[in-house]
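Chains as they are written, first to last, in our numbering: chain A, 42 to 771; chain B, 1284 to 1385.
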């Protein structure tokens, strides 16, 4: 096929012009982020590199694409003899290699490599290169192009000086970079767990750091750019040689990430930041890189691999969504307004005064309004909800660092990272999670030697799992370590005066709950990681502040499980409105299993007075809500009122109420402080008649009654599986 | 190194091996002979060429320059070249002067 090359050369002026035609663009592969002008002297290359033009072209094709090229003789007259002098070969070249690697990959001096922004390669324009002045420009529209050496230089670029950097740009950079750096951190920490994906993971990290560097340069953040540039160089090498990315290399990269990450907040406050602490890391990276790079060769196979990785990365990038940042206060306000709208809609459409004059049109309009409000609610709710991914991924780094410090081997399994929670709540559960994980690594997991002696794998496993359950998020943290030592906890609790009397009668669960008491630590020694008896108290305090619950189970030698139940406050949820006397309460619909009026034969009572209802071979404890809230009920006999079977986790009870008013959607509003967290109320709402209604916290009520001895039930989900003693028929 | 065939459609230059500095002078002489004889069509049979060095390439470039700058009415065609050699012509822009045929 004879294809005319879209290039021309102006001999007199030493100018090469590359006309960017559609055929040039067709040859520009998607994954190639870098486009260059390369200026070779083929005669010199033959002398110094013993390389023929054919060999050079094949080598270049191994690691990139020649979009267009032009060869020109300095002295073109061959009539008087063989040509002497330079044989220039100037080409427009695309590749995935960054400017740092181009001299090495192409055998050219930096001065002969000119980097062009890929976005400048558009159909119809002309890239012009003056080989004498060594300058590149773009015609129509004209845009100057930086030599690759300028990109390598830490000197400030003149063009960038002119770019106005606004606080908004800085803030956007901080937000985006925060995500980027966290992602890279996650990738680096997961390398040891997924060695088979090392090339892909490092490739993705490289791309992200490369973007970070580009944005830093755009904002004139030279220290950021300098450090990320070194990191990019290391990652670029590891992408080709993932086997050489050992723990030391990863730690060094993580140190670099830490410096960048920690400086983001300073940048947000001051608009600029210097990183003096980065010098040491840069020096270490500079020492590490030459040793790694020496002997590096680019093969055709690796080039194809790189292209494949790039394609995958680009594919992923193509599904990214566009985001805008919104003040959280505005979102809160929007959520409250939607809540009010929901209530107002109910008040209007269910207004009995309107019944008499109701017409078909009204019903249809009301139905339509309901549909739109439902959708609005759903969208507004989803705005505040963010996945736990970022919080969870921070734990990966934490486990990585803690394991290294305590000379243990630990891996973290994350399940349900995409579980969404209210952003405000996520911010508040980070500390508790960190404290729990520190304890897991420092005190829960054994050393590799101890684990081998116990017949366990050397590598300890910590699992963090999140899921929605009823109206709450359940986060389950477990380890396969040595478990809690009941005797030790009790001894400590007695010594500190936390427990008195006859503690041997305490159940395991009660004993284990003691670790959440201030100052109590089961650690044999205080380390720089944990052991002062403060962390777990912080866990309980923070979770209680969120009106959540913490439960703990442990089996000696097998491990410990901690469960955090965190309510979705500020959420609009479906609820069942019940009446007890003159009071109305809302039970989250997701907690309700069923409701029924029992027959007298279903009801039994223990010697201690605890009532149970038999429901399909299960004996379920009954809780009389009127007793808890001190209300005069309409009915006192269970077979006259209604029982609502509710569950929390594996626990199941029946609430006794006078009647069920009906299903409604309601906005949970926070409770005033004076009501406290021990009332079994998770929030309140405004009812259709304008009255305030209380929302019941099912789990908390059950716990409350268990502690008071009103309900005896083991958390197996079935009371029948653990027969209740002394039952007598009523 | 270079053998020349002539038929009604023009002349064919066949290279018997790689085009190197050692045979570059012969190539130059052959090409200038084409101009002197005012040949209208020249075919380059490169079926035996696997590599070309910078000196031979420079001769081809110089020949193309002469044709273009002096407006010679001559067609140049490369035939039976392998992939590496067609890449060389295509990616150096020489395919603008030397038409590449299968």
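Every residue gets a Cβ at the ideal spot worked out from N, C-alpha and C, and that includes glycine. Computed from a predicted model, the values in this text were never measured in an experiment.
Item, Value
"I want to verify the contact list: residues of chain B whose CB lies under 8 Å from the CB of residue 124 (chain A), in sequence order.", "1338, 1341, 1342, 1344 and 1345"
"Could you pull out every residue in the same chain whose Cβ sits closer than 6 Å to the Cβ of residue 1364 (chain B), ignoring the five residues on either side in sequence?", "1329"
"What does DSSP give as the partner residue(s) for residue 665 (chain A) in the beta ladder?", "A:697"
"At which residue ranges does the segment 629-678 of chain A contain complete beta strand (DSSP E) runs of 3 or more residues, listed in the order of the chain?", "633-637, 644-647, 652-656 and 659-665"
"Which same chain residues end up closer than 7 Å to residue 74 (chain A) when comparing Cβ atoms and leaving out the 5 residues on each side of it in sequence?", "137 and 159"
"Out of B:1294, B:1284 and B:1341, which has the shortest C-alpha to C-alpha gap to residue 123 (chain A)?", "B:1341"
"In chain A, which residues lie with their C-beta within 9 Å of the C-beta of residue 1293 (chain B)?", "Here the premise fails: no neighbours, minimum Cβ distance about 17 Å."
"Please identify, using Cβ separations under 8 Å, the residues of the segment 1361-1375 of chain B that lie next to chain A, in order along the chain.", "1367, 1368, 1370, 1371, 1373, 1374 and 1375"
"Applying a beta-carbon distance threshold of less than 8 Å, which residues of chain B neighbour residue 94 (chain A)?", "1335, 1336, 1337, 1340, 1371 and 1375"
"Going by DSSP, what residues sit across from residue 82 (chain A) in a beta bridge?", "A:129"
"Report yes if the C-beta distance between residue 1248 (chain B) and residue 1285 (chain B) is below 8 Å; otherwise report no.", "Nothing about residue 1248 (chain B) can be read from this structure; chain B reaches only from 1284 to 1385."
"Quick check for students: name the residue ranges of the alpha helix (DSSP H) that lie wholly in the segment 273-340 of chain A, counting only runs of 4 or more.", "288-311 and 319-334"
"In three-state DSSP terms, what is residue 149 (chain A)?", "coil"
"I'd like the span of the alpha helix (DSSP H) that includes residue 417 (chain A), first residue to last.", "401-425"
"At 7 Å on the CB atoms, spell out the chain B contacts of residue 170 (chain A), in chain order.", "Those within 7 Å of residue 170 (chain A) in chain B number zero; the least Cβ separation is about 13 Å."
"CB-CB under 8 Å to residue 1368 (chain B), same chain, minus the five flanking residues each way: which ones, in chain order?", "1329, 1332, 1333, 1335 and 1361"
"Starting from the beta carbon of residue 1307 (chain B), find every residue of chain A whose beta carbon is closer than 7 Å, and list them in chain order.", "123"
"With 16 as the cutoff for other CB atoms within 10 Å, does residue 577 (chain A) come out buried or exposed?", "buried"
"Shortest alpha-carbon distance to residue 487 (chain A) belongs to which of A:687, A:523 and A:271?", "A:523"
"So for residue 62 (chain A), helix, strand or coil by DSSP?", "coil"
"Here's the rule I'm using: 16 or more other beta-carbon atoms within 10 Å means buried, otherwise exposed. How should residue 438 (chain A) be labelled?", "buried"
"Could you pull the start and end residues of the alpha helix (DSSP H) that residue 1374 (chain B) belongs to?", "1366-1374"
"Can you tell me which residues form a DSSP beta bridge with residue 1382 (chain B)?", "B:1360"
"Using the beta-carbon of each residue, which ones in chain A are nearer than 7 Å to residue 1311 (chain B)?", "119 and 123"
"So that I know if they touch, is there some Cβ in chain A lying closer than 8 Å to that of residue 1329 (chain B)?", "no"
"In chain order, what residues of the same chain lie with their CB nearer than 8 Å to the CB of residue 772 (chain A), ignoring the 5 residues before and after it?", "Here chain A comprises residues numbered 42 to 771, so residue 772 (chain A) is not present and cannot be evaluated."
"Taking all protein chains shown into account, decide if residue 493 (chain A) is buried (16 or more other Cβ within 10 angstroms of its Cβ) or exposed.", "exposed"
"Leaving out five residues before and five after residue 504 (chain A) in sequence, what residues of the same chain have Cβ atoms less than 6 Å from its Cβ?", "454 and 519"
"So is residue 1315 (chain B) in contact with chain A if we call contact Cβ pairs under 8 Å?", "yes"
"How big is the Cα-Cα spacing for residue 250 (chain A) and residue 93 (chain A)?", "37 Å"
"Where does residue 87 (chain A) sit, in a helix, a strand or coil, going by DSSP?", "helix"
"Distance check for residue 180 (chain A) and residue 169 (chain A), CA to CA, integer angstroms please.", "7 Å"
"Is the CB-CB distance between residue 59 (chain A) and residue 133 (chain A) below 8 Å?", "yes"
"Any idea if residue 1337 (chain B) is buried or exposed, counting beta-carbon neighbours within 10 angstroms, 16 or more meaning buried?", "buried"
"Would you kindly check if the distance between the Cβ of residue 268 (chain A) and the Cβ of residue 322 (chain A) is under 8 Å?", "yes"
"Can we say the segment 596-604 of chain A touches the segment 658-671 of chain A, given the rule of at least three CB pairs closer than 8 Å?", "no"
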